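Protein chains in written order, with our numbering: chain A, 1 to 260; chain B, 1001 to 1254.
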Amino acid sequence: MINSINELWQFRELLVALTLREIKVRYKQTILGMLWAILQPLSLTLIFTFVFGIILKVNSGVVAYPVFAYSALVPWTFFSNSVTFGSLSVVNNGNLVTKVYFPREILPLSSIGAALFDFLMAGIILILILFFYQIPINLNFLLILLIIPSIIFLTAGISFFFSAINVMFRDIRFVIPLLLQIWLYVTPVIYSTNQVPQKYQIFFKLNPLVSLIENFRLVTVYGRSPNLLEVGFNLVLSLCVLVIGYWFFKSREKIFADVI
Amino acid sequence: MSQNTFAIEFKNVTKNYLITKGRYGLLSEKVGELFSFGRSQSNNRRVITALKNVSFKIKHGEAVGVIGRNGAGKSTILKLISKISYPNQGQVLVKGRIGAFIELGAGLHPELSGRENIFLYGAILGMKKKEIEKKFDEIVDFAEIRKFLDVTIKKYSSGMYSRLGFSVCAFCDPNILLVDEVLAVGDNNFQQKCLDKMCSFAKRKTIVFVSHDLRAIKSICKTVIYLEKGKIKKIGNPQEVIKSYLKEAKGDQI
Chain A
1 MINSINELWQ
11 FRELLVALTL
21 REIKVRYKQT
31 ILGMLWAILQ
41 PLSLTLIFTF
51 VFGIILKVNS
61 GVVAYPVFAY
71 SALVPWTFFS
81 NSVTFGSLSV
91 VNNGNLVTKV
101 YFPREILPLS
111 SIGAALFDFL
121 MAGIILILIL
131 FFYQIPINLN
141 FLLILLIIPS
151 IIFLTAGISF
161 FFSAINVMFR
171 DIRFVIPLLL
181 QIWLYVTPVI
191 YSTNQVPQKY
201 QIFFKLNPLV
211 SLIENFRLVT
221 VYGRSPNLLE
231 VGFNLVLSLC
241 VLVIGYWFFK
251 SREKIFADVI
Chain B
1001 MSQNTFAIEF
1011 KNVTKNYLIT
1021 KGRYGLLSEK
1031 VGELFSFGRS
1041 QSNNRRVITA
1051 LKNVSFKIKH
1061 GEAVGVIGRN
1071 GAGKSTILKL
1081 ISKISYPNQG
1091 QVLVKGRIGA
1101 FIELGAGLHP
1111 ELSGRENIFL
1121 YGAILGMKKK
1131 EIEKKFDEIV
1141 DFAEIRKFLD
1151 VTIKKYSSGM
1161 YSRLGFSVCA
1171 FCDPNILLVD
1181 EVLAVGDNNF
1191 QQKCLDKMCS
1201 FAKRKTIVFV
1211 SHDLRAIKSI
1221 CKTVIYLEKG
1231 KIKKIGNPQE
1241 VIKSYLKEAK
1251 GDQI
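In structure tokens:
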């Protein structure tokens, strides 16, 4: 694995080039261009606010529901887009895989890189929204520096896993949207964790995204400090998912060009 | 690099491709295969042997042509050298940076401009950004696309498209050059330019050249490998090998 990481480092310029390609190409020939990066979480926020904030009156505590929803949708959209595009990346770049050699993990990583760019844009909007709602930002905000890497590692591990499987079974293309839809509902985006009945909490917490997204919202919107032990545990857990996903990907990589 | 070391060495290389019987194999079998990390193969499937126990050595600076009929395993050799694919048995040893002219344009993106594509394709071929910047003008001039540098290449003619692909490859300066049937690019004028470029490479670099164009092979290569059904039928100097290839292939279209 050390060798693989070394080689990946050798090819870092290709990773940058392919990430830039993803970002540039994605919004080519669209009228709104880069605006789509933020329109996606923003429009979901509007819908969620209408359905869950106004009609179903989900309790969002001291903050307004749109802020509550948007602050979770920012990391969620990153996760969802990365996994969607990441798992298709190897197959979609089949013409490269069968013709040129490079470490294949660059393909899912460049999808994640592009999604990270959108994440950054949406994050800036989040800060603007916080100003607009006059929600103070305090030092706890800095904890996102631990939470965001955890989200990225988890996302990368899962994308590696699915992109490798997708090479062999194209079913993954249909499984992913379904899976992500279910995943959204079992993650505290629309509601918050403390609204989940006590007896389901244990199962609920098995989803690694639960505390990541909950904590992201906690430090950005509520300005409160999360349980640091939990933050550390999440980081380690995400790293484990990354290592396992990467190992799985590398172990299947050699047959990609033959199977695609 | 000293002359007596090898740039490329194939040791008893066998490469099989699996062809599944139905559209999908049995799910249980598939899932089993997915989680068995070895190279177990079930006997239910047809195995196509692309290369059978092939061994050869290519010295540094040697230009080698590979000829043979369709399906003889020529492209498989290039894929094994460039580590796109891996052998089932045997070993492939390669020393040096590899540059592949395999199907030009695989790395080009139609939605990007010519300029952007030069940087993208260069990176795909393993060039550093600084290196590309240094050679940028040469690449553009060789491809003859200066006027259209900032146009998205989906608007390019197919000739311009492949000229761009060839030019980026031609300037990526590898130690080992793999060429798969790509000299038939552009008009006569540009084809001659490509051939000249190849001949100048042949003086300095290791080249493995797969082609049906026997004249080009003769003018570039010093050794020719003649493949038939995954085995080396003959290896040696171009005149002789090509002669025996033509004798065998008499009546067939080459």
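Beta carbons are placed, not taken as given, at the ideal position from N, Cα and C, and that holds for glycine. Note that the coordinates shown come from a computational prediction; the quantities given were computed from them, not determined experimentally.
Residues in the stretch 117-129 of chain A with C-beta within 8 Å of chain B's C-beta atoms, listed in sequence order? none
Quick one, which of A:GLY86, A:LEU44, A:ILE23, A:ARG170 has its alpha-carbon nearest B:GLU1256's? In the structure displayed, chain B extends from 1001 to 1254; residue 1256 of chain B sits before or after that span and is not available.
Beta-carbon proximity check, B:ASP1180 vs B:VAL1208, cutoff 7 Å: Within the second sequence, residue 1180 of chain B is the residue found at index 180, counting from 1. Within the second sequence, residue 1208 of chain B is the residue found at index 208, counting from 1. Against a cut-off of 7 Å, the Cβ pair of B:VAL1208 and B:ASP1180 comes out as no contact.
Under 7 Å from the C-beta of A:GLU13: neighbouring residues of chain B: Mapped onto the first sequence, residue 13 of chain A falls at position 13. Correct list: ALA1123, LYS1128, LYS1129.
In the DSSP output, which residue or residues are listed as bridge partners for A:GLY123? Within the first sequence, numbered from 1, the residue matching residue 123 of chain A stands at position 123. Its beta-bridge partners do not exist; DSSP assigns none.
For B:GLN1192, report the span of its alpha helix (DSSP H) as first-last. Numbered from 1 along the second sequence, position 192 holds the residue referred to as residue 1192 of chain B. That run of the alpha helix (DSSP H) goes 1188-1204.
Using the C-alpha atoms, what's the distance from B:CYS1194 back to A:THR282? Absent from the structure is residue 282 of chain A, since the part of chain A shown begins at 1 and ends at 260.
7 Å CB neighbourhood of B:PHE1171 in its chain, flanking five on each side removed: As a working mapping, residue 1171 of chain B is identified with position 171 in the second sequence. Around B:PHE1171: LYS1135, GLU1138, ILE1139.
B:LEU1177 and B:GLY1099 - do their beta-carbons sit closer together than 7 Å? Translated into the one-based positions of the second sequence, residue 1099 of chain B becomes position 99. Translated into the one-based positions of the second sequence, residue 1177 of chain B becomes position 177. Yes, they are a contact pair.
At 7 Å on the CB atoms, spell out the chain A contacts of B:SER1085, in chain order. For the purposes of this step, residue 1085 of chain B is taken as residue 85 along the second sequence, with counting starting at 1. Within 7 Å Cβ-Cβ: ALA257, ASP258.
Which ranges would you report for the alpha helix (DSSP H) in the stretch 1066-1151 of chain B if only whole runs of at least 4 residues count? 1074-1081, 1114-1124, 1129-1143
Assign B:SER1002 to one of three DSSP states: helix, strand, or coil. Your numbering for residue 1002 of chain B matches position 2 in the second sequence. In this prediction, B:SER1002 scores a pLDDT of 46, lower than 50, which makes its location untrustworthy; the coordinate-derived value is nonetheless stated afterwards. Three-state result, B:SER1002: coil.
Would you identify the three-state DSSP class for B:VAL1179, choosing helix, strand or coil? Counting from 1 along the second sequence, the entry for residue 1179 of chain B is found at position 179. In this structure, B:VAL1179 counts as strand in the three-state DSSP scheme.
Any chance the stretch 148-159 of chain A sits against the stretch 234-245 of chain A, with 3 or more Cβ pairs inside 8 Å? yes
When Cβ atoms are compared, which residues of the stretch 1134-1156 of chain B fall closer than 9 Å to chain A? THR1152
Is the distance from the Cβ of A:GLY113 to the Cβ of A:THR19 below 7 Å? By one-based count along the first sequence, residue 113 of chain A stands at place 113. By one-based count along the first sequence, residue 19 of chain A stands at place 19. A contact, by the Cβ cut-off of 7 Å.
Under 7 Å between C-beta atoms, does A:ALA17 make it to chain E? The structure shown has no chain E; the protein chains it does contain are A and B.
In three-state DSSP terms, what is B:GLU1009? Within the second sequence, numbered from 1, the residue matching residue 1009 of chain B stands at position 9. In the structure shown, B:GLU1009 sits in a strand (DSSP, three-state: E or B).
Could you tell me the boundaries of the alpha helix (DSSP H) in which A:THR19 lies? In the first sequence, residue 19 of chain A corresponds to position 19, counting from 1. Start and end: 12-26.
For a cutoff of 7 Å on Cβ pairs, would you count A:ASN6 as touching chain B? Reading the first sequence from its first residue, position 6 is the one you call residue 6 of chain A. So no, A:ASN6 is outside the interface.
Coil, strand or helix - A:VAL259 by DSSP: Position 259 of the first sequence holds residue 259 of chain A. If DSSP states are grouped into helix, strand and coil, A:VAL259 belongs with the helices.
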